[in-house]
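In the UniProt record's numbering, the protein residues as written are 1 to 147.
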């Protein structure tokens, strides 16, 4: 009677172990890396820049070009308000799966700062501002939302 060869059993036992690192690497590659507050600032400045390409701006929004109608109206209000109003994304940036959240700090000279929680969703291999965040910005400026 022959006994099973030890060498024959070893590859079968090792096969799952050999696959596990590859699966882990695939999952790690698929998981989006969070952005910093500075990187989110770059994104929001592009979104609000009506002089930039509409296609580039729309690609930063979950709702695409549809959301630009509200954003353009907010940007116009900011131009009219002058240098007295500033805004920036502030840390911490938190990630939950395919969603990032951070606070938008809005400051008006002589009036202090106010904050709005904004979110980005991982979509089409990039972080895009959610339609909900576009609507939150529009609502704060008392503008109808088109996102």
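Virtual Cβ for every residue (Gly too), placed ideally from N, Cα, C.
Predicted model, so just to flag it, every value in this text is computed and none were measured.
Check your understanding: Does DSSP put residue 100 in a helix, a strand or coil?
Key -> strand
Check your understanding: If you compare alpha carbons, which of 141, 130, 145, 146 is closest to residue 76?
Key -> 141
Exercise for review: Tell me, please, whether the region 113-132 touches the region 62-80 by the rule of three or more beta-carbon pairs shorter than 8 Å.
Suggested key: yes
Point to revise | CA nearest to the CA of residue 36, picked from 46, 121, 51, 90 | key: 90
**Study point:** Coil, strand or helix - residue 76 by DSSP
**Key:** helix
Point to revise | Exposure of residue 102, with buried meaning 16 or more beta-carbon neighbours within 10 Å | key: buried
Practice item. For residue 100, count neighbouring Cβ atoms within 10 angstroms of its own Cβ and tell me buried if that reaches 16, exposed if not. Key: buried
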